[in-house]
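Enquirer: I have a structure here, written as structure tokens, and I will follow up with some questions on it.
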Amino acid sequence: MKKLMPVLLSIVAILSLAACSNGSESSSNSEVVASTKNGDVTKDEFYNKLVDKYGDSVLKEMVYDQVLSEKFSVSDEDVQKRLEQMKQQYGDQFQSVLEKNGFKNEEQFKQAIRSSMLKQKAAAEGVEVTDEEVKQYYENMKQEVKVSHILVEDKETASEVQKKLNNGGDFAKLAKEYSTDKQSAQKGGDLGYISTGQMVLPFEKAAYNLKVGKVSEPVKSQYGYHIIKVTDKREKEDTSSIGKYEEMKGQLREELKSRKGSQENITEVMKNADVNIKIEDLKDKISFEPQTQSNQ
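Under mature numbering (1 follows the signal peptide of the UniProt record, and there is no 0), the letters of the sequence shown match residues -18 to -1, 1 to 278, in that order.
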């Protein structure tokens, strides 16, 4: 749920905006939604403020839903199953977690789950995942890996850094000199402990496959080339949210397929849908091209 929640939060704004707009055409422009001794706030003023603040992300998500739901299907049973898994993970805290993240009720959250699952299916189209990959992914969920990395833009620079490391170069010093990830470079490339789902998949797989003290060959991702060093591995203190393998393997397979897939798959579907944004103020703000992720 922690990994899914950031994807779902914008749905709260979508639902709020949709609720606000319901019946707006038949309502008076001056309908008051709040009054004070210093003046009133009308429904149109409130609606326009929401559009200014959330309009691009709201409309984008609504278009995604409209297009992807025509090509892919997510059953009520699938949504309910995902919801029940989250309830089981959080137990008595589930309702408070929903409220803290802005969801008014389960139905609102289920709509967000459906939207997220549609994107996962689109990203994973045509992707194959073996039983061995799913099992290894499950086992990795129980571990945390402490990593450092040196991120460079091209293969030539990566080879240059690798050669210096092979000749006894100091990893931390080379990270400060070469890495384009300036935040971690200041700490000698140290990223701390990572768990599954926190980094892009090529990085994650390389890190979990390395032994402590070892350094990887250059690993390509959408950010460039990573040279990864594992400095520690440990079992997670709390694995209560990790269910039994047989219960989770279906969900993990879909998650892994989605991660192995790409935003390019979704972009292709959107291109073929001939999307035309008709609100002038939002045209330049909405793009369905792949965007750089925050994870490295």
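From the three backbone atoms N, C-alpha and C, an ideal C-beta is built for every residue, glycine too.
Where are the alpha helix (DSSP H) runs, 4 residues long or more, that stay fully inside the stretch 79 to 121, in chain order?
Expert: Complete alpha helix (DSSP H) runs here, min 4: 88 to 105.
Enquirer: For Ile132 versus Val143, is the C-beta spacing smaller than 9 Å?
Expert: Taking the sequence shown and counting its residues from 1, one reaches residue 132 at position 150. Taking the sequence shown and counting its residues from 1, one reaches residue 143 at position 161. Closer than 9 Å, so yes.
Enquirer: Using the three-state DSSP reduction, which class does Asp22 fall into: helix, strand or coil?
Expert: On the sequence shown, residue 22 is found 40 positions in, with the first residue counted as 1. Residue state, collapsed to three classes: strand.
Enquirer: So for Gln125, helix, strand or coil by DSSP?
Expert: For the purposes of this step, residue 125 is identified with residue 143 of the sequence shown, where counting begins at 1. In this structure, Gln125 counts as strand in the three-state DSSP scheme.
Enquirer: How far does the alpha helix (DSSP H) with Val251 in it extend, from its first residue to its last?
Expert: The residue given as residue 251 occupies position 269 in the sequence shown. Val251 -> alpha helix (DSSP H) spans Gln245 to Asn254.
Enquirer: Which residues mark the beginning and the end of the alpha helix (DSSP H) in which residue 314 is found?
Expert: Any answer about residue 314 is impossible in this case: the structure gives the chain only from -18 up to 278.
Enquirer: Note the first and the last residue of the continuous beta strand (DSSP E) segment covering Tyr207.
Expert: Position 225 of the sequence shown, counted from the start, is the residue given in the question as residue 207. Counting along the chain, the beta strand (DSSP E) containing Tyr207 begins and ends at Gly206 to Glu217.
Enquirer: Is any beta-carbon of chain E found at less than 9 Å from that of Ile95?
Expert: Absent here is chain E; the protein component of the structure consists of one chain.
Enquirer: Using beta-carbon positions only, say whether Lys267 and Gly37 come within less than 9 Å of one another.
Expert: Here residue 267 refers to the residue found at position 285 of the sequence shown. Here residue 37 refers to the residue found at position 55 of the sequence shown. Their beta carbons are under 9 Å apart, which means Lys267 touches Gly37 by this criterion.
Enquirer: Roughly how many whole angstroms lie between the Cα atoms of Phe85 and Asp74?
Expert: In the sequence shown, the residue the question calls residue 85 occupies position 103. In the sequence shown, the residue the question calls residue 74 occupies position 92. So the two alpha carbons sit approximately 16 Å from each other.
Enquirer: Nearest to Glu250 by alpha carbon, out of Val49, Lys31, Val40 and Met44?
Expert: Counting from one through the sequence shown, the residue named residue 250 turns up at place 268. Out of Val49, Lys31, Val40 and Met44, Val49 has the C-alpha closest to the C-alpha of Glu250.
Enquirer: Given a cut-off of 9 Å, decide if Val45 and Met252 are closer than it, judged by their beta-carbon atoms.
Expert: Within the sequence shown, numbered from 1, the residue matching residue 252 stands at position 270. Within the sequence shown, numbered from 1, the residue matching residue 45 stands at position 63. For Met252 and Val45, yes; Cβs fall inside 9 Å.
Enquirer: Should residue 289 go down as buried or exposed, given a rule of 16 or more other Cβ atoms within 10 Å for buried?
Expert: Past the boundaries of the shown model lies residue 289; the chain is included only from -18 to 278, so the question cannot be answered.
Enquirer: Which one or two residues does DSSP pair with Ile132 in a beta bridge?
Expert: Position 150 of the sequence shown, counted from the first residue, corresponds to residue 132. DSSP output for Ile132 lists Ile209 as bridge partner(s).
Enquirer: Taking just the CA atoms, how far does Glu246 sit from Lys218?
Expert: Taking the sequence shown and counting its residues from 1, one reaches residue 218 at position 236. Taking the sequence shown and counting its residues from 1, one reaches residue 246 at position 264. Near 34 Å, if we compare the C-alpha coordinates of Glu246 and Lys218.
Enquirer: Would you identify the three-state DSSP class for Leu192, choosing helix, strand or coil?
Expert: For this step, residue 192 is matched to residue 210 along the sequence shown. Coil, per DSSP.
Enquirer: Starting from the C-beta of Ser8, find all residues in its chain whose C-beta is less than 7 Å away, skip the five residues before and the five after it, and write them out in chain order.
Expert: Numbered from 1 along the sequence shown, position 26 holds the residue referred to as residue 8. Its pLDDT being 49, under 50, Ser8 is placed unreliably in this model, and the coordinates cannot settle the point.
Enquirer: Round the Cβ separation of Ile248 and Lys101 to the nearest angstrom and send it over; I've been treating them as touching at under 8 Å.
Expert: Stepping through the sequence shown from its first residue, residue 248 is reached at position 266. Stepping through the sequence shown from its first residue, residue 101 is reached at position 119. Rounded, the Cβ-Cβ distance is 6 Å, consistent with contact.
Enquirer: Identify every residue that forms a DSSP beta bridge with Lys202.
Expert: Numbered from 1 along the sequence shown, position 220 holds the residue referred to as residue 202. Paired residues: Tyr207.
Enquirer: Measure the alpha-carbon distance for Glu81 versus Asn148 and round it to whole angstroms.
Expert: Sequence index remark: in the sequence shown, residue 81 carries index 99 (1-based). Sequence index remark: in the sequence shown, residue 148 carries index 166 (1-based). If you take the alpha carbons of Glu81 and Asn148, they lie about 52 Å apart.
Enquirer: For the stretch 211 to 227 against the stretch 185 to 201, are there 3 or more C-beta pairs whose distance is under 8 Å?
Expert: Counting Cβ pairs under 8 Å, three or more are found: they touch.
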